[in-house]
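In my numbering, the protein residues as written are 20 to 241.
Given below as structure tokens:
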């Protein structure tokens, strides 16, 4: 809390030096990743009052503010994270990841070709799509010398996967009839991201020709 106060108090002192009092501030807009920290939110709410603190657009606010100032007609939106589908390989008995959309992709967007999927288990009767965020993480070792000075050395970079659906084992998008067989392409899945950042999927059964899911919503992307 002291660290947050050291940011708020100097800012308020500077505004007072410019003739702007606390009572003159009607709205406080928090932007950036740090404002997602609960303690930071509580600090600003306690100082300015919860009715004056806006938290609903921590990342888009700067872009929209720039739009208002420069009177640009439109705003191009891009995905901040990469997204992939996690697939179970029955023969190697391990998971693999297939990239769907790269970080920085402009949306609304869709994949140019459908993704062909096979049954993960012999006799599979249900479809579950495990979609997640893919991030590049660099691990580093932090050390301190005798004077308490901190230094760090990068160790390695790796990709991490975080599922968007915490309860994915309970989610069944569609059912296969007849059941799926190993080694045979069974589903064609078309993925797209809507203008509202909703990931949707259209699933077609290649064996029967039926559309099992028509633009079904999977998750809200960030």
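Glycine included, C-beta positions come from ideal geometry on N, C-alpha and C.
* Asked: How far does the alpha helix (DSSP H) with residue 110 in it reach, from first residue to last?
  -> Neither: residue 110 is in no alpha helix (DSSP H) and is coded neither H nor E.
* To do: In the DSSP assignment, find the unbroken beta strand (DSSP E) run with residue 201 in it and report its ends.
  => Neither: residue 201 is in no beta strand (DSSP E) and is coded neither H nor E.
* State buried or exposed for residue 210, treating a residue as buried only when at least 16 other CB atoms are found within 10 Å of its CB. => Sixteen is the threshold: when 16 or more other Cβ atoms of the shown chains lie within 10 Å of the Cβ of residue 210, as they do, the residue is buried.
* Asked: Does the beta-carbon of residue 45 have 16 or more other beta-carbons within 10 angstroms, so that it is buried, or is it exposed?
  -> Counting Cβ neighbours within 10 Å, residue 45 comes out exposed, since fewer than 16 surround it.
* For residue 64, three-class secondary structure by DSSP -> DSSP places residue 64 within a helical segment (H, G or I) once states are collapsed to three.
* To do: Could you say which of 228, 182, 200 and 205 lies nearest to residue 238 if we only look at CA atoms?
  => Nearest option by C-alpha distance: 182.
* Return the chain-ordered list of same chain residues with a C-beta closer than 7 Å to the C-beta of residue 216, the five sequence neighbours on each side being excluded. => Excluding residues within five positions, the ones whose Cβ falls inside 7 Å are 126, 239 and 240.
* Spatially closest choice to residue 130 from 228, 49, 235 and 208, by CA coordinates -> Closest by alpha carbon: 208.
* Asked: Using the beta-carbon count (16 or more within 10 Å), is residue 152 buried or exposed?
  -> By the C-beta density criterion, residue 152 is buried, having at least 16 other C-beta atoms within 10 angstroms.
* To do: Would you identify the three-state DSSP class for residue 224, choosing helix, strand or coil?
  => Secondary structure of residue 224 (DSSP, three-state): strand.
* Asked: If you drop the 5 nearest sequence neighbours on each side, which residues of the same chain put their C-beta closer than 7 Å to that of residue 202?
  -> Here residue 202 has 137 as same chain residues with Cβ atoms under 7 Å from its own Cβ, once five neighbours each way along the sequence are excluded.
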